[in-house]
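Beneath this line is the structure, given in structure tokens, with notes to follow.
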Amino acid sequence: MQNMNERAADVLNELTQFVNDRIEGYKTAAQDTRDPAHKAYYNELVQQSQQFSNELNSTLSRIGGETQRDTTMKGKLYRGWMDVKSGITGKDEKAIIESNLYGEEWAQKAYNDALEHRAELPQEVVQMVEKQKQASIATCEHLKQMKTTVD
């Protein structure tokens, strides 16, 4: 049976890959959008995601895990599909927002999966994951509002 630090390292390792997907997704959105306000927001989310990744990696190092710079295979495939789709449909603002919403819903699932193991995780890890999940929920709400203002 795994000890608490090994279990926490596994959970954080997987979660960090999802956060790294988030970084790549918002970098792409910032490049693709033609709306200056959206570009600024996506760049803020890149910064936020980099901070989250740094927090997760710092905790991974502290508990004896290896830092994680990679993204998930599913994220790589999704970004590839989105590149093809935007090549066909153009870089439509609504489509960019919808793909970001999809990514945030996916991130929340990753946070929920991590929190299913809360009893096996140090309290500081649970608090960090909860804080990041709340930020993802707020981002989702903001993206939904942005979607309503795009024709």
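Note that my numbering has the sequence shown beginning at 8, numbered continuously upward.
Don't be surprised by glycine CBs; every beta carbon is placed ideally from N, CA and C.
For clarity, every value in this text was computed on a predicted model and none was experimentally measured.
Outcome for residue i when other beta-carbon atoms lying within 10 angstroms are tallied against a minimum of 16
{"i": "T23", "result": "buried"}
{"i": "T156", "result": "exposed"}
{"i": "M8", "result": "Any answer about M8 is weak, because its pLDDT of 45 lies below 50 and its placement is not dependable; what the coordinates show is given next. By the 10 Å Cβ count, M8 comes out exposed."}
Residue of the options minimising C-alpha distance to residue i
{"i": "V133", "options": "T146, L63, A102, R76", "result": "L63"}
{"i": "E31", "options": "N107, G71, K101, Q130", "result": "N107"}
{"i": "G72", "options": "K116, E21, Y118, Q115", "result": "E21"}
{"i": "F25", "options": "L67, E123, W113", "result": "W113"}
{"i": "E148", "options": "K138, E111, Q130, P43", "result": "E111"}
Check whether residue i and residue j have beta carbons under 8 angstroms apart
{"i": "R69", "j": "N27", "result": "no"}
{"i": "A16", "j": "L52", "result": "no"}
{"i": "E100", "j": "H45", "result": "yes"}
{"i": "I103", "j": "D39", "result": "yes"}
{"i": "L11", "j": "E127", "result": "The amino acid occupying residue 11 in the given sequence is Met; Leu does not appear at that position. The answer is yes: Cβ separation under 8 angstroms."}
{"i": "A141", "j": "F59", "result": "For clarity, residue 141 is Gln in the given sequence; the question names Ala instead. Their beta carbons are not under 8 angstroms apart, which means Q141 does not touch F59 by this criterion."}
{"i": "R29", "j": "S65", "result": "no"}
Close Cβ partners of residue i (< 7 angstroms) along its chain, the five nearest in sequence each way excluded
{"i": "R125", "result": "V133"}
Close-in-space but distant-in-sequence residues of the same chain around residue i (CB under 8 angstroms, 5 per side omitted)
{"i": "K151", "result": "L108"}
Beta-carbon contacts of residue i that lie in its chain and below 6 angstroms, excluding the five residues immediately before and after
{"i": "A121", "result": "V18, L22, V136"}
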